[in-house]
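For the first sequence, the numbering used here assigns the number 175 to the initial residue and increments by one for each residue that follows. Using N, Cα and C, we set each Cβ at its ideal position, and we do this for glycine too. Worksheet for the structure shown next.
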Amino acid sequence: MPRVIGHLDLDYFYAQVEEVENPAIKTRPVLVCVFSGRTEDSGVVSTANYRAREAGVKSGMPITLAKRKLQGMDLVIVRMERSKYESVSERVMELVRTKVDVLEKTGIDEAFFDLTRSSNGDYKSASETAGLIRVSILEEEHLTCSVGLGRSKVVAKLGSDTAKPAGLMVVPPESTESFMGGMAVTKLYGVGPKTGKTLEELGIRSIADLAHADPATLERAFGRKTTAYLHAAANGIDDDQVKESQTPTQFSRIITLKNDTTDAEEVMAQLSDAEDDLRDKLISTNTSFRTLTAIAVLTDLSTKTRSKAFEVPVNNLSSVKGSALELFGQLSDTADREFRRVGIRVSDLEGNQDQSSISEFLRQS
DNA sequence: GTATGCTTTCGGC
DNA sequence: TTACGGCCGAAAGCATAC
């Protein structure tokens, strides 16, 4: 039986949540922004609605530039409030979970799902379920979304991409080649600028080009493993299963400094709130970590990191402050520019079976 | 040569 | 002309073991 895999993507998510909260702004360009606090408008656009995108605004764009692109228009700027979008996301995912076999949340606004069993491999039946999912998200949360259905994650993802905004793209297995073949290879998950450039140099531009490329040529350029993946992906094949979302692998907090510096003590002082926040996150999720990383974004926006692994899992972030200071010292020693932004990351996470600290945390807060 | 595991960088949203 | 966040997972890079 062919698999029926779906990919769900909530349209321009943060900005759409703001529109739902305040429908009067729907007809205007809306920017959900992160302000760094350095100067009045210092920061970037996190998400823009389609009215703003039409004017050339993209996510990650400096706010000042976005404002220029939209000058003369009746612009709405909203400060990003992540916890709000997280709650909406959770509710949407719960709703979808009741209608599919398996749901794998892959981001705050997207998820893969499996309908193979419930549709018995029938794409007509699966399309109806996908339609039902879209309608219920619209009815319950007033949000539009885009959905793709196909025989693998690769196809489903390309499907939702093609369908957006507010569409459904169903790609039955026999249509996979005609659906994907004409697309640029760079549309494939895992083909970024670097791989794309190398492929271009080999004369491979479309997914069909890649699907029919000589394996030996690809292996010389990318090695065995990547070639196997690329070849399969270009044919719309991947065995990657939809699995219930796994536990997180890392937590991090990053801030923009008041002023550029390389002074490790100053960095630690300014990171104090971020550190408290990360400590709370570890406590509330009852998680320990084995690796601590210091992150520095230099004035040219390049990123440098230094990390330290501990023999035994650490459950108290405060106990490794000294290590963090050392890591920032290492970064200062090697960096050729000042730091603009700094952060801390914990990874190699381990859940703790003992639940008592959760209740203790809740009681305290 | 290949697998494994760790650190650092990349890239999507 | 420049401008410029805060997350996350995955890829890339490197060393070691067999």
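Local Cβ density within 10 Å of residue i, reported as buried at 16 or more and exposed below that
i, result
"residue 175", "exposed"
"residue 517", "buried"
"residue 283", "buried"
"residue 409", "buried"
"residue 427", "buried"
"residue 181", "buried"
"residue 222", "buried"
"residue 287", "buried"
Bridge partner(s) assigned by DSSP for residue i
i, result
"residue 427", "518"
"residue 469", "479 and 517"
"residue 251", "205"
"residue 176", "For residue 176, which the question treats as bridged, DSSP gives no partner whatsoever."
"residue 462", "524"
"residue 290", "Paired residues: none, contrary to the question."
"residue 236", "218"
"residue 279", "285"
"residue 321", "182 and 342"
"residue 435", "513"
"residue 488", "463"
When the options are compared against residue i, the one with the closest alpha-carbon
i, options, result
"residue 285", "222, 475 and 331", "331"
"residue 370", "439, 311, 392 and 352", "392"
"residue 438", "468, 463 and 476", "468"
"residue 335", "287, 363 and 221", "363"
"residue 445", "498, 357 and 456", "498"
"residue 249", "241, 255 and 256", "241"
"residue 451", "435, 345, 429 and 361", "429"
"residue 224", "216, 199, 238 and 215", "199"
"residue 459", "424, 292 and 300", "424"
"residue 300", "264, 347 and 263", "347"
"residue 381", "431, 275, 398 and 406", "406"
"residue 203", "315, 230 and 263", "230"
"residue 258", "232, 395, 492 and 189", "189"
"residue 479", "496, 519, 421 and 361", "519"
"residue 483", "308, 319, 521 and 474", "521"
"residue 254", "193, 436 and 474", "193"
Flag this pair as touching only if the region 478 to 487 and the region 181 to 190 have three or more C-beta atom pairs under 8 Å; answer yes or no.
no
Give the list of continuous alpha helix (DSSP H) stretches no shorter than 4 residues that lie fully inside the region 337 to 409.
350 to 354, 367 to 375, 381 to 385, 389 to 396 and 398 to 408
Any 3 or more C-beta pairs closer than 8 Å across the region 331 to 342 and the region 417 to 435:
no
Quick check: the region 375 to 390 against the region 349 to 359, are there 3 or more CB pairs under 8 Å?
yes
Every unbroken alpha helix (DSSP H) inside the region 188 to 232 [4 residues or more]:
224 to 228
Three Cβ pairs or more, each shorter than 8 Å: is that satisfied between the region 465 to 481 and the region 500 to 509?
yes
Quick check: the region 207 to 226 against the region 288 to 303, are there 3 or more CB pairs under 8 Å?
no
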